[in-house]
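Sequential numbering from 865 applies to the sequence shown in our numbering. As structure tokens, the structure follows; a few thoughts come after it.
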Amino acid sequence: MIEERNQGSMVGLRQCSPGWLHLAAGVLLVLGALCGFGGHAAAETGITPIGQSSAPQSFADLAEQLLPAVVNISTTQTVTRRDGPGPEIPQFPPGSPFEEFFRDFFDRRGEREAPPRRATSLGSGFIIDAEQGFVVTNNHVIQDADEITVILHDDTNLEADLVGTDAKTDLALLKIDTNAALVDVSFGDSDAMRVGDWVVAIGNPFGLGGTVTAGIVSARARDINAGPYDDFLQTDASINRGNSGGPMFNMDGEVIGINTAIFSPSGGSVGIGFAIPSNLAKPVLAQLQEFGRTRRGWLGVRIQAVTDEIAESLGLERAYGALVASVTPGGPAEASGIEAGDVIIRFDDREVEEMRRLPRIVAETNIGKDVPVVVFRRGEELTFAVNVGELEKAEEEGLLAAGPGGVEPGTPDSLRSFDRLGLELAQLNEALRRRFDLSDTVRGIVVVDVRQGSAASEKGIRAGDVIVEVSQEEVRTPADVAAKIDEARAEGKRSVLLLIDREGDLRFVALTLENDE
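As structure tokens, then:
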């Protein structure tokens, strides 16, 4: 079962599959018109007025053409469960004859299994290849299903075979066999869609069958924390229970999105729905069709966003690119010479304007291709030739879980307080390793204490973190940290960059120096 994404809010992000949503109490029809937006006002503001002919007079012709290609997805799953915990055994005096009797009774009760039950769910999908019978839907619609049935527009039920799935993008590819003539649809260019463009969504809301709704593209490139390749189209077209896996069309009848989630306080549509862009889905589906699984490119780095403070610490003119927090041993990046602390600003001649764009760019790159990677390192741009690896192979070999390598042991411990930063630092020793459960391979300066409300506390630094580098240079003693801070202040920098190791997870933190001692 999918869980709510936004746990810190009363408003939850939900995938629009059965089991998620609850039928809305009513339907509110709102009819409105723009007022006070005449030609005179438009001329004064420089806005070109839009005539009434720009809005579709009807979606009927488009719906009639597209409905036969949209299918319902029905899945069944056998669920076996044990009875829940019953009442506790009554307490009897030691040696009571009732004690053994009740213990035997409750033991037998706890071992009994409830009868298996059949769980059924409904979703949506669409045919992309009528000749071969390929059908697209969401992964969460068919996940863990024992049987998958595709219901055509004419109510024909067909058993479907699962070709492949991809949990990272929530996509699944099915195949059906039939002698009947099928109708398919083609993908369009989701990158060509603009905010305000009309879209039509077709699906199976609440199990009602093919239902058409219309709206506009409300936003692009939405990151809803659903996966590493989030790049959703947002729409106000009604998307409800059962719409998952259904297509979103442009006015040319091309699929430009696959409906997958909604943002709602109640489970019903409030006009905030999300669709996987067609340009993200197409290469994934092509790989599922060819290999039965995905084959994504892999660089072998862990990255984080470049904030304004980090950019200033590194000498970047502005905050952009992807900051390399660590490099996977044995990965393509390490082999090419890329290091932790580098900022990747271009990959295969494509600009990396923000951190979250890099994973998708790398994933879409052909495995085995040699690509130029431009990084910013200590004030200059360097170019490295990287041979792109395969992400799935790296996952199978356990390379993604590999932590940073160790360095030579340091000198005896010492302790130093940085009062205005709110940090108390110490050099590692065996006692501190036991206290904070640090492995023998970890090297650096351990954070012993963080004062609440301090600059370090606001940045999320906590006791047990290990400072590996300051200003991209290794530190071995608290005195090294102090020297680097003094050096940064002497250069007029407002912040200093720390590389923090927390349980093997490396990340950079820019710590403000304005109130330092």
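We put the CB at the ideal spot given by N, CA and C, even for glycine.
- For Glu1254, the three-state secondary structure derived from DSSP is strand.
- Val1314 is positioned such that its CB atom lies no closer than 8 Å to that of Arg1297.
- Straight-line spacing of the CA atoms in Phe1155 and Pro920 works out to 41 Å.
- Annotated three-state conformation of Ile1325 is coil, per DSSP.
- Segment contact: the stretch 991-1002 against the stretch 1036-1048, three or more CB-CB distances shorter than 8 Å; contact assigned.
- Assigned with DSSP and collapsed to three states, Gln1098 falls in strand.
- By DSSP's assignment, Asp1030 forms a beta bridge with Leu1035.
- A straight line joining the alpha-carbon of Leu1287 with that of Val1312 spans about 8 Å.
- Comparing alpha carbon positions, the residue from Leu1370, Ala1290, Asp1095, Ser1054 closest to Gly1117 is Ser1054.
- For Leu926, the secondary structure class from DSSP, reduced to helix, strand or coil, is helix.
- Excluding residues up to 5 positions away in sequence, Phe1300 lie with their Cβ nearer than 6 Å to the Cβ of Gly1328 in the same chain.
- Comparing alpha-carbon positions, the option among Val1076, Ile1120, Leu1097 lying closest to Gly1106 turns out to be Val1076.
- Unbroken alpha helix (DSSP H) runs of no fewer than 4 residues, entirely contained in the stretch 982-1069, are found at 1003-1006, following chain order.
- Residue Leu1362 holds the alpha-carbon nearest to the alpha-carbon of Ala1319 among Val1306, Asp1344, Glu1294, Leu1362.
- Annotation for Ala933: no alpha helix (DSSP H) segment contains it, and DSSP assigns it neither H nor E.
- Using a C-beta cut-off of 8 Å, the stretch 1052-1070 makes no contact with the stretch 1017-1034, since fewer than three inter-stretch Cβ pairs fall below that distance.
- Counting along the chain, Arg1210 sits inside the beta strand (DSSP E) bounded by residues 1207-1211.
- If you check the CB distance, Glu1228 and Gly1161 come in under 8 Å.
- Here Val1345 carries a helix assignment [DSSP, helix/strand/coil].
- Runs of alpha helix (DSSP H) with 4 or more residues, each lying fully within the stretch 1228-1253, are absent.
- Boundaries of the alpha helix (DSSP H) around Gln1151: 1142-1155.
- Distance between Ala1249 and Lys1257, taken at the CA atoms: about 21 Å.
- Under DSSP, Pro1111 forms a beta bridge with Ile1122.
- Rounded to the nearest angstrom, the gap between the Cα atoms of Asn1230 and Gly1195 is 16 Å.
- For Ile1080, the enclosing beta strand (DSSP E) has its first and last residue at 1075-1086.
- Glu1337 has Val1334 as its beta-bridge partners, per DSSP.
- Minimum Cα-Cα distance from Ile991 among the listed residues Asp1010, Val1165, Val1170, Val1047 corresponds to Val1047.
- Secondary structure note for Ile1167: its beta strand (DSSP E) is the uninterrupted segment 1165-1169.
- In the DSSP assignment, Ser1177 falls outside any beta strand (DSSP E) and lies within the alpha helix (DSSP H) extending over 1172-1178.
- DSSP places Arg1298 in the helix class (H, G or I) of the three-state scheme.
- Comparing C-alpha distances from Ile1103 to each of Arg1353, Ala1346, Gly1135 shows the shortest one belongs to Gly1135.
- Between Gly1253 and Gly1164, the CB-CB gap stays under 8 Å.
- Per the C-alpha coordinates, the member of Arg1358, Val1306, Gln1316 positioned closest to Val1339 is Val1306.
- Using a Cβ distance threshold of 8 Å, Ile1066 and Leu931 count as a contacting pair.
- Here DSSP, grouped into helix, strand and coil, assigns Ala1183 to coil.
- If you check the CB distance, Ala1374 and Pro1342 do not come in under 8 Å.
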